[in-house]
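A.B. asks: Got a structure here, written out as structure tokens. Questions coming.
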Amino acid sequence: MTKGFTLIELVIVILLLGILAAFAVPKLLGKGGFETQTLRDELLTRLRLVQTINMHEPADRCTQLVVEASRFAHITLAATSSGCPAPGPMTGWSDNQRTRGRLVTPSAGMAVSLNNASSFVIRFDQMGRPLGSCATGCTLLVSDGRETGRIKIESEGYIHESP
101 MTKGFTLIEL
111 VIVILLLGIL
121 AAFAVPKLLG
131 KGGFETQTLR
141 DELLTRLRLV
151 QTINMHEPAD
161 RCTQLVVEAS
171 RFAHITLAAT
181 SSGCPAPGPM
191 TGWSDNQRTR
201 GRLVTPSAGM
211 AVSLNNASSF
221 VIRFDQMGRP
231 LGSCATGCTL
241 LVSDGRETGR
251 IKIESEGYIH
261 ESP
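The opening residue of the sequence shown carries number 101 in the working numbering; numbering runs sequentially from there.
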């Protein structure tokens, strides 16, 4: 009887090493774009939430997504005769507003931007169309310095990932 591995055992070991190389090792070596993708997905979900809220609330209320230096949250304010009021800096928000707005603070090195601005507000009308600087469509960038995720807001209101 000879000693050694069978062909099946060798194939299984090679498959396991391949799986480890493809999935486990990149996670051990760093972020590998996971944080960028996660933050982009959270921002995409939050944009769709703000859009849906605006489509279902009365005209005397307005919900806005506020982005300040990569942090973001949404806030609902009473509309005035001149339209939707500016939300003001997040540092001035009450604890209740920060909690209800589900404030997201990414780790250091992450950046969210719109037209090279790191602080901005996005609103939608009751038809779900973007207002203000995104009225003709815009692209938000989420970056960790190495990898960049993009979110496109179309002028008719469709929000999606962009390659």
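Even for Gly, the Cβ is constructed at its ideal location relative to N, Cα and C. All figures in this text were calculated on a predicted structure; none of them were measured in a lab.
Whose CA, out of G249, L107, A179 and V204, lies closest to the CA of T163?
C.D. replies: Per the Cα distances, A179.
A.B. asks: Using beta-carbon positions only, say whether R140 and A173 come within less than 8 Å of one another.
C.D. replies: Cβ distance not < 8 Å, so R140 and A173 don't count as in contact.
A.B. asks: For C234, name the three-state secondary structure that DSSP assigns.
C.D. replies: Residue state, collapsed to three classes: helix.
A.B. asks: Between the alpha carbons of F224 and P187, how many angstroms are there, rounded?
C.D. replies: The straight-line gap from Cα to Cα measures roughly 15 Å.
A.B. asks: Can you say whether P230 is buried or exposed, counting buried as having 16 or more other CB atoms within 10 angstroms of its CB?
C.D. replies: By the 10 Å Cβ count, P230 comes out buried.
A.B. asks: Give a yes or no on whether the C-beta atoms belonging to A235 and S213 are separated by under 8 Å.
C.D. replies: Cβ atoms of A235 and S213: not closer than 8 Å.
A.B. asks: So what's G118 in DSSP terms, helix, strand or just coil?
C.D. replies: Three-state result, G118: helix.
A.B. asks: Say yes only if the C-beta of R246 is nearer than 7 Å to one or more non-hydrogen atoms of the ligand FMN, and no if none qualify.
C.D. replies: Ligands are entirely absent from the displayed structure, and the ligand FMN is therefore not among its contents.
A.B. asks: Are L144 and I251 touching if we call contact CB-CB under 8 Å?
C.D. replies: A contact, by the Cβ cut-off of 8 Å.
A.B. asks: Consult DSSP for T239 and reduce its assignment to one of helix, strand or coil.
C.D. replies: Of the three classes helix, strand and coil, the one that applies to T239 here is strand, per DSSP.
A.B. asks: Y258: which of T248, T239 and E247 sits nearest, CA to CA?
C.D. replies: Comparing Cα positions, the closest option is T239.
A.B. asks: Could you give the DSSP three-state label for F220: helix, strand or coil?
C.D. replies: If DSSP states are grouped into helix, strand and coil, F220 belongs with the strands.
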